[in-house]
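Residue numbers (full-length UniProt numbering): 1 to 153. Where a beta carbon is used, it is the ideal one built from N, C-alpha and C, also for glycine.
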Amino acid sequence: MNMNRTTLLILLALAGCSPEKKETKTETEAATVAPQATAAALQSKAVNDVLEPAEFKKKLAANPAAVLLDVRTPEEVAEGALPGAVNINFNAPDFKEKIAGLDKSKSYFVYCKVGGRSGKAATLMNESGFQEVHNLKGGYDAWVGQGLEVKKK
């Protein structure tokens with residue numbers, strides 16, 4: 001009887017030591033929000049694509065009513081920008097509020113330095129109801145690397 005009790009205690013102790021993944025609140029929320037965001041984007045037929053510099057330039061030129069949006073910092077913009085770009089700093093605390101004030105029915109061509117922030121901005125814009133957002137693959141650096149036109153301040 002004492003042996004059975006010892007065996008039971010050992011088994012309980014081992015079971016208590018086994019690694020157990022505990023789902024965090026953030027993981028639960030992400031699992032819930034992601035499918036909803038994806039479903040909303042699919043239902044709205046929103047455009048959120050990533051274009052090579054030459055294609056980005058071609059599509060932008062074909063749509064004179066489109067908005068060219070530079071989401072880099074003011075310091076980055078001071079080094080040069082694409083002609084006609086409007087700057088809204090992605091890192092600014094009021095970025096979401098400024099984006100919310102834009103006309104959602106227009107086409108937007110978004111870029112940053114290398115494509116990361118503009119990709120996040122494009123996704124945020126689509127999730128906020130913007131129907132057409134194009135992201136410059138490789139960002140400003142890729143544009144310059146292709147020898148395309150920039151304006152210097």
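* **Through-space distance from A65 to C112, alpha-carbon basis** => 21 Å
* To do: From the DSSP output, in three-state form, read off A142 for me.
  => helix
* **Among K151, G139, K153, nearest to F56 - alpha-carbon criterion** => G139
* As assigned by DSSP and simplified to three states, the class of E132 -> strand
* To do: Below 6 Å CB to CB, which residues in the same chain sit around N87 once its five sequence neighbours on both sides are set aside?
  => D70, V77
* Assuming G115 and K137 make a contact with CB atoms under 8 Å, what is their CB distance in whole Å? -> 6 Å
* Asked: From the DSSP output, which residues share a beta bridge with K58?
  -> None; K58 has no bridge partner.
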